[in-house]
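Peer 1: I am attaching a structure below and will ask some questions about it afterwards.
Numbering (this note's numbering), first residue to last: 41 to 181.
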């Protein structure tokens, strides 16, 4: 499943050139992943109730085209693989014209009380129902 999150870019998020500041991409990616989890009925609050955490272990970021002040962006988020201990996610950001501006890949580990922990079969099934191995098809790839 590919999840979509839209957001307008405001002045406080931009650098002196009027582009989205590099540091703010990570916050936007986090918001998009949080919204995806909500759609999966695994919000951060629900994960906390289950005493589960998702810890990022690595990111690969590719800045392709600057995102401009006041543009409305779309972030597409999907998992390509999930097992009981780890997950691998992809995210792409598009500008309001549909142009691919940014890509990211993220690796994470599931944890309980700050230590790696295997997911229960029930939670694993929810995650696996959302896996989209191919991701979105776009002409920018």
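Here a beta-carbon is modelled for each residue, glycine too, at the ideal position from N, C-alpha and C.
What number of angstroms, rounded off, separates the C-alpha of residue 4 from the C-alpha of residue 131?
Peer 2: Summary: the structure shown does not reach residue 4, with the chain confined to residues 41 through 181, and so no result is reported for it.
Peer 1: Quick check: the Cα distance between residue 118 and residue 91, rounded to an integer number of angstroms?
Peer 2: Using only the alpha carbons, I get a separation of about 23 angstroms.
Peer 1: Looking at the structure shown, is residue 105 part of a helix, part of a strand, or coil, going by DSSP?
Peer 2: Three-state DSSP puts residue 105 in coil, outside helix and strand.
Peer 1: May I ask you to report which of helix, strand or coil DSSP gives residue 145?
Peer 2: In this structure, residue 145 counts as strand in the three-state DSSP scheme.
Peer 1: Take the Cβ of residue 116 as the centre, count every other Cβ of all protein chains shown within 10 Å, and call the residue buried at 16 or more, exposed below.
Peer 2: So residue 116 ends up on the buried side.
Peer 1: Could you please give the first and the last residue of the uninterrupted alpha helix (DSSP H) stretch that includes residue 86?
Peer 2: From DSSP, the alpha helix (DSSP H) with residue 86 extends over 84-89.
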